[in-house]
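Here the sequence shown is numbered in the numbering used here, starting from 366 and rising by one per residue. Reviewing the structure listed below.
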Amino acid sequence: MNFEIKNKDAMGRTGIIKTPHGTIKTPALMPVIHPGKQTLDVKKFGAEVVITNAYIMYKNEDLRAKVLDEGVHKLIDFPGPVVTDSGSFQLSEYGDVDVTNKEIIEFQELIGTDIGTSLDIPTPPFVKRDRAEKELEITIKRAKEALEVRGEMLNSVVQGSTFHDLRSSCAQTIGEMGFDCYPIGAVVPLMESYRYSELVDVVMASVKNLPDSKPRHLMGAGHPMVFALAVAMGCDLFDSAAYILYAQDDRLMMPTGTFKLQNLIEMPCSCRVCTSYSPDDLRSMKKDMRMKLLAEHNLIISLAEIRKIKQAINDGNLMELVEQRCRVHPYLLDALRNLKNYTAEIDRYDPSSKKAAFFYSGPESLARAEIKRHLSRIERIPGKKNLLLLPRSRKPYSKHIKDDLGKFYIKHVKGEQVVDTEDLMNDLQVSFVDVPFAVIPMEIDEVYPLAQNESPMITDEDARIFVRQEVEKYINQFDNAIINAKVLDRFNMYTIELEPIPDENENAPKIYSLDEFEFEPFKIKVEDRTRISSIADYQFGAGSGEALFKGNIKIVKSRKTGKIRHVYDGETLIATLRATDSVFVLDREGARRLHSHAKYPKNRVVVNEDAEPFAKEGKSIFAKFVIDCDINIRSNEEVLIVNEKDELIAFGKSILCGHEIMDFKTGQAVKTRKGGI
Ligand SMILES: [Zn+2]
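Dropping the structure here:
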């Protein structure tokens, strides 16, 4: 089986899975088909893949004879990819199944399933550790046995109850065995009891230890309310029996929650069912007919949510969708709040540049990977002696500094009080303070997402505290800080700034004066040379600007916008500043200079001999030809393509992140810009 990533956002990905019965575009929802009594033709509504239960067919003599004769695709009348479950669900419901692991795997192969499943033990959440360990041992033993019976096209389910270490070690163990797909099992009880925060822990403990190159299936997650969150954590497949089960119970699923038909005075959506029938029409129908219509609504809504998620990944606003969805129930909001404990993991996979702007939707947005990454990357810009902090304005901030900003205050971080204003203006770092990126050095204020973000005009308390803490950390790197009163006001910094810190620690920063300080901030400008150098440092690492832009530097600006476009050394193009996100796209000379500056393996993707001629011709790099890379590469970054001797042969834009580049054996890793260096 073959899985490729097409697009990424947070830990989510869109991709394709190739199976003998066709291609599945992920994320995908697999409607559960009952082999004996299916009522809805799911392909009519756009289902690309379905899941059905092998155990039910195995147990029922008539069905077994029929499916062995004509195959599972014919039996359930679905020509596309069919995944089968093994009977684990029955095991978890009724405690026992009378089939062995080997028998059910062989049976699944005989009926022509596209992806089969071994008979794992679904250990429920919150059991005693003893039991979880014992059952996990059996699950792993059966996974091994499954591989011996059928070497490929198999699921292996991550179990381990709610013990994170057991989930992690299970994921690691079966992850190394080379299965084709990894379901995360026994999470239904968590979802049924709205324990979404624990769901986050279980999914993250599993996903971060599973191979990136294989699809992951969140088993039993059939409510569209959780799809976006699960996808953002790296889940690719969902199954839904819920569309039928909810319909049987006269309930309508929406991505924003569930409606009971008995309470409805209006139909809640615009699908065929909801526009053709009123709640009264439905209520007065025979149960069977009503069930079928409600199931249709539920399926349409669920598949539409999956499509919306794919679009969000393409646009780069998946987290905005997750933040919306997680506000539909307080316990989903818990899940979003818990996700902040996993920012570091998400950051590794989150693309460095996206099409969509970053929208701040509330305090939970402060945990987004983009903010963490920004605050660590500003350390790459060379330090200065003095700091000037300015308030927010229209973006980009540097173009909209107001003439009259009112009062300024001085904080002498190190050393004695300095009154010489000339001195303060020397070696000055100008930075802006805003939600959510806290401090934005003027030189890089057009780089994505620092100019491509929006936050409310009214500042919430969490943002205030967050920004205040980050600003304090930042100020402490300078000798003197001149702070605009609007910054102090907005983030309520007076409480800290006005009170001199007690003398217990002699080295602690002190405030010597808060006198009004007069100067004209609007005259402050960033030199173009400083700007390009700082952007390069921020983008490629400390010292990159100096290395890239040496010689007879010529900066060409756009006639229309006045923005920097190209940087040359004499007649040789080094790099182009991309208008949409203000990051550098290298040219040959830029790639050469970055290569001689950055130490191996930084910024590099290393390809084997076979790929070298193709790379030199400017052809894109497939993951299977990569033998090493800088593990910190994020997708959508400029990367250097080198051979085993670290000779530069081409350069391009990463499609995958470092971890994925190393794990994938299929699909593109780098889109080459130019070869032949
Ligand atoms: Zn509807």
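Positions of the beta carbon are idealized from the N, C-alpha and C atoms, including for glycine. Model, not experiment: these values are computed from the prediction.
Do residue i and residue j have their C-beta atoms within less than 8 Å of each other?
{"i": "isoleucine 549", "j": "valine 523", "result": "yes"}
{"i": "lysine 371", "j": "isoleucine 381", "result": "yes"}
{"i": "threonine 527", "j": "glutamate 557", "result": "no"}
{"i": "valine 464", "j": "tyrosine 423", "result": "yes"}
{"i": "phenylalanine 889", "j": "lysine 776", "result": "One point to set straight first is that residue 889 is isoleucine, not phenylalanine, in the sequence displayed. No, they are not a contact pair."}
{"i": "glycine 1045", "j": "alanine 988", "result": "What is shown of the chain runs 366 to 1042, which leaves residue 1045 out entirely."}
{"i": "threonine 948", "j": "tyrosine 813", "result": "Inspection of the sequence shows that residue 948 is occupied by valine rather than by threonine. In contact: valine 948 and tyrosine 813 (Cβ atoms closer than 8 Å)."}
{"i": "isoleucine 736", "j": "tyrosine 903", "result": "no"}
{"i": "valine 1007", "j": "arginine 969", "result": "yes"}
{"i": "glycine 525", "j": "asparagine 574", "result": "no"}
{"i": "aspartate 946", "j": "glutamine 817", "result": "yes"}
{"i": "lysine 579", "j": "glutamate 510", "result": "no"}
{"i": "isoleucine 766", "j": "arginine 378", "result": "no"}
{"i": "glycine 1040", "j": "isoleucine 998", "result": "no"}
{"i": "alanine 598", "j": "methionine 569", "result": "A small fix is needed here, since residue 598 is methionine in this sequence, not alanine. Taking 8 Å as the Cβ cut-off, methionine 598 and methionine 569 qualify as a contacting pair."}
{"i": "phenylalanine 454", "j": "isoleucine 398", "result": "no"}
{"i": "methionine 684", "j": "arginine 733", "result": "yes"}
{"i": "arginine 648", "j": "leucine 617", "result": "no"}
{"i": "aspartate 577", "j": "glutamate 1002", "result": "no"}
{"i": "glutamate 1043", "j": "valine 514", "result": "Any answer about residue 1043 is impossible in this case: the structure gives the chain only from 366 up to 1042."}
{"i": "arginine 829", "j": "asparagine 857", "result": "yes"}
{"i": "arginine 532", "j": "valine 567", "result": "yes"}
{"i": "lysine 772", "j": "alanine 709", "result": "no"}
DSSP has residue i in a bridge; who is on the other side?
{"i": "leucine 594", "result": "BP columns for leucine 594 are empty, so no partner."}
{"i": "serine 605", "result": "Pro396"}
{"i": "tyrosine 933", "result": "Lys919 and Leu938"}
{"i": "valine 616", "result": "Before going on, a small fix: residue 616 reads as arginine here, not valine. Answer by DSSP bridge pairing, in chain order: Lys625."}
{"i": "alanine 803", "result": "Asp799"}
{"i": "phenylalanine 949", "result": "Leu942"}
{"i": "arginine 690", "result": "Beta-bridge pairing links arginine 690 to no other residue."}
{"i": "phenylalanine 987", "result": "Gln1033"}
{"i": "glycine 955", "result": "Note: glycine 955 sits in no beta bridge, so no partner."}
{"i": "lysine 390", "result": "Ile381"}
{"i": "arginine 581", "result": "Tyr547"}
{"i": "isoleucine 1007", "result": "Reading the sequence as shown, one finds valine at residue 1007 and not isoleucine. Its beta-bridge partners are Val971 and Leu1013."}
{"i": "asparagine 367", "result": "Lys383"}
To the nearest angstrom, how far is the alpha carbon of residue i from that of residue j?
{"i": "serine 1000", "j": "arginine 1038", "result": "15 Å"}
{"i": "histidine 438", "j": "threonine 478", "result": "8 Å"}
{"i": "glycine 452", "j": "lysine 651", "result": "32 Å"}
{"i": "glycine 622", "j": "valine 693", "result": "7 Å"}
{"i": "arginine 429", "j": "glycine 401", "result": "11 Å"}
{"i": "methionine 632", "j": "proline 806", "result": "51 Å"}
{"i": "glycine 587", "j": "isoleucine 666", "result": "11 Å"}
{"i": "serine 726", "j": "glutamate 1012", "result": "46 Å"}
{"i": "cysteine 546", "j": "lysine 919", "result": "52 Å"}
{"i": "aspartate 868", "j": "valine 778", "result": "Caution is warranted here: a pLDDT of 48 is assigned to aspartate 868, below 50, making its placement in the model unreliable, and the coordinate value is therefore given only provisionally. Straight-line Cα distance between these residues: approximately 14 Å."}
{"i": "proline 874", "j": "lysine 750", "result": "The predicted position of proline 874 is uncertain, since its pLDDT is 48 and thus under 50; a value taken from the coordinates is nonetheless stated next. Cα-Cα distance, rounded: 15 Å."}
{"i": "leucine 394", "j": "asparagine 841", "result": "51 Å"}
{"i": "alanine 412", "j": "aspartate 699", "result": "31 Å"}
{"i": "glutamate 474", "j": "glutamate 517", "result": "10 Å"}
{"i": "glycine 681", "j": "serine 641", "result": "35 Å"}
{"i": "asparagine 425", "j": "tyrosine 608", "result": "24 Å"}
{"i": "aspartate 844", "j": "leucine 752", "result": "8 Å"}
{"i": "isoleucine 992", "j": "alanine 980", "result": "14 Å"}
{"i": "glutamate 977", "j": "asparagine 706", "result": "41 Å"}
{"i": "lysine 493", "j": "leucine 668", "result": "37 Å"}
{"i": "leucine 686", "j": "methionine 376", "result": "14 Å"}
{"i": "leucine 512", "j": "alanine 595", "result": "28 Å"}
{"i": "lysine 409", "j": "alanine 722", "result": "36 Å"}
{"i": "valine 891", "j": "valine 804", "result": "16 Å"}
Should residue i be flagged as near chain B, meaning a C-beta pair shorter than 8 Å?
{"i": "isoleucine 370", "result": "Absent here is chain B; the protein component of the structure consists of one chain."}
Please determine if the region 1010-1025 and the region 921-937 are in contact, where contact requires at least 3 C-beta pairs separated by less than 8 Å.
Cβ pair count under 8 Å is below three, so no.
Can at least three beta-carbon pairs, one atom from the region 389-398 and one from the region 589-605, be found at a separation below 8 Å?
Touching, yes.
Which complete alpha helix (DSSP H) runs does the region 480-557 hold, if anything under 4 residues is left out?
The region 480-557 is shown to contain whole alpha helix (DSSP H) runs of 4 or more residues at 494-514, 529-542 and 553-557, in chain order.
Are the region 836-844 and the region 796-813 touching, with three or more C-beta to C-beta distances below 8 Å?
Yes, since at least three Cβ pairs between the region 836-844 and the region 796-813 fall closer than 8 Å, the two stretches touch.
Ignoring anything shorter than 3 residues or poking outside the region 958-984, list the beta strand (DSSP E) runs there in chain order.
Runs found: 969-972.
3-residue-minimum beta strand (DSSP E) runs that sit fully inside the region 719-786, ordered along the chain
Here the runs fully enclosed are 751-755 and 773-777.
Could you tell me which uninterrupted alpha helix (DSSP H) segments, each at least 4 residues in length, are contained entirely in the region 1012-1036, listed from first to last along the chain?
Those alpha helix (DSSP H) runs which fall completely within the region 1012-1036 and span 4+ residues are 1023-1028.
Check whether the region 612-620 touches the region 647-661, taking contact to mean three or more Cβ pairs, one atom from each stretch, closer than 8 Å.
The answer is yes - the region 647-661 touches the region 612-620, with three or more Cβ pairs under 8 Å.
Counting pairs of Cβ atoms below 8 Å between the region 960-976 and the region 903-916, do you hit three or more?
Yes: at least three Cβ pairs fall under 8 Å.
Which residue spans inside the region 649-673 form an unbroken beta strand (DSSP E) run of at least 3?
Those beta strand (DSSP E) runs which fall completely within the region 649-673 and span 3+ residues do not exist here.
Alpha helix (DSSP H) segments (min. 4 residues) lying fully within the region 393-461
The qualifying runs are 419-424, 426-435, 437-440 and 453-459.
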